[in-house]
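Asks:
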Amino acid sequence: MEKLHTFYYFLDLAGTFAFAISGATAARERGLDLFGICAIAFTVACGGGIIRDLCIGAVPPAGLTTWYYLATSLVAAVMTISLFPLVQKINRPVILFDAAGLSLFAVTGARKVLFFGHNAEVAVLLGVVTAVGGGIIRDILLNRIPVVLEKEIYASAAFLGALIVVAGNYFHWLTMDWLSVIGLVVCFLLRMLALRYHWNLPVFSNEKTGTEDKS
Numbered sequence: 728m729e730k731l732h733t734f735y736y737f738l739d740l741a742g743t744f745a746f747a748i749s750g751a752t753a754a755r756e757r758g759l760d761l762f763g764i765c766a767i768a769f770t771v772a773c774g775g776g777i778i779r780d781l782c783i784g785a786v787p788p789a790g791l792t793t794w795y796y797l798a799t800s801l802v803a804a805v806m807t808i809s810l811f812p813l814v815q816k817i818n819r820p821v822i823l824f825d826a827a828g829l830s831l832f833a834v835t836g837a838r839k840v841l842f843f844g845h846n847a848e849v850a851v852l853l854g855v856v857t858a859v860g861g862g863i864i865r866d867i868l869l870n871r872i873p874v875v876l877e878k879e880i881y882a883s884a885a886f887l888g889a890l891i892v893v894a895g896n897y898f899h900w901l902t903m904d905w906l907s908v909i910g911l912v913v914c915f916l917l918r919m920l921a922l923r924y925h926w927n928l929p930v931f932s933n934e935k936t937g938t939e940d941k942s
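All residue numbers for the sequence shown refer to our numbering, where the first residue is 728 and numbers rise by one.
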């Protein structure tokens, strides 16, 4: 399984890089300064993992103690600032890596929670938090409605990926490595198919129904 772990490592960095670019791009569009752009980029890339680690007692969090997370985020931020027109043109590759990062973080987040001895519910929920937590913090800091609270199939895909890992581990369907691969692939495919075919969750309108009384 050494190649599999190398694959995880690559996707971890690729997802971190893509998340950081998305954060830096959003910050750049809002006119933040250099520090603000770097801070938002790091928040998107590592915020979810830091929240997860604090919740399960894995302190200090890996996002703060492992140097390559910060380095990857800073490289993404600098690239976004200096090559902003180019970054805007590579939207499709960024979406691809973003989906891969979402899938990986959901799976590895759930695995880490199980490794620390917590129950299935905590593992699934914190798997989702690992995948989408940074984006939620980004949107709050930038004063906009978090994407995961709108109609897009994003957090739902992360939830399904984490659920496969946790349920499979509970019922002993397969080894954890194979469950991780299946959860990652399902989450990734669901996210990409939702983008391709414009699948969305139901949205409930707040428009009034019926006719108003006229005097």
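Each residue gets a CB set at the ideal place from its N, CA and C atoms; glycine is no exception.
Check residue 941 in the structure and name its three-state DSSP category.
Replies: Residue 941 sits at position 214 when you count from the first residue of the sequence shown. Model confidence at residue 941 stands at a pLDDT of 48, short of 50, so the residue's coordinates are unreliable and nothing is read from them.
Asks: Based on the DSSP output, what are the partners of residue 879 in its beta bridges?
Replies: Counting from one through the sequence shown, the residue named residue 879 turns up at place 152. BP columns for residue 879 point to 927.
Asks: State the DSSP-derived secondary structure class of residue 733, mapped to helix, strand or coil.
Replies: The residue given as residue 733 occupies position 6 in the sequence shown. Three-state result, residue 733: helix.
Asks: Could you give the first and the last residue of the continuous alpha helix (DSSP H) run that contains residue 672?
Replies: This structure does not reach residue 672, given that the chain is present from 728 up to 942, and the question cannot be answered.
Asks: Start and end of the alpha helix (DSSP H) containing residue 863?
Replies: Translated into positions along the sequence shown, residue 863 becomes position 136. 847-868 is the extent of the alpha helix (DSSP H) around residue 863.
Asks: In three-state terms, what does DSSP make of residue 891?
Replies: Translated into positions along the sequence shown, residue 891 becomes position 164. Note: residue 891 maps to helix in three-state DSSP.
Asks: If we call anything under 8 angstroms between Cβ atoms a contact, is residue 807 one with residue 741?
Replies: In the sequence shown, residue 807 corresponds to position 80, counting from 1. In the sequence shown, residue 741 corresponds to position 14, counting from 1. No. Outside cutoff.
Asks: Kindly indicate which three-state DSSP category residue 757 falls into: helix, strand or coil?
Replies: Within the sequence shown, residue 757 is the residue found at index 30, counting from 1. It is coil, neither helix nor strand.
Asks: Please go through the same chain and pick out, in chain order, the residues whose beta-carbon is closer than 7 angstroms to the beta-carbon of residue 778, but skip the five residues on each side of it.
Replies: Counted from its first residue, the sequence shown places residue 778 at position 51. Contacts found: 856, 860.
Asks: Could you tell me whether any Cβ in chain C is nearer than 8 angstroms to the Cβ of residue 894?
Replies: Here there is only one protein chain, and chain C is not present.
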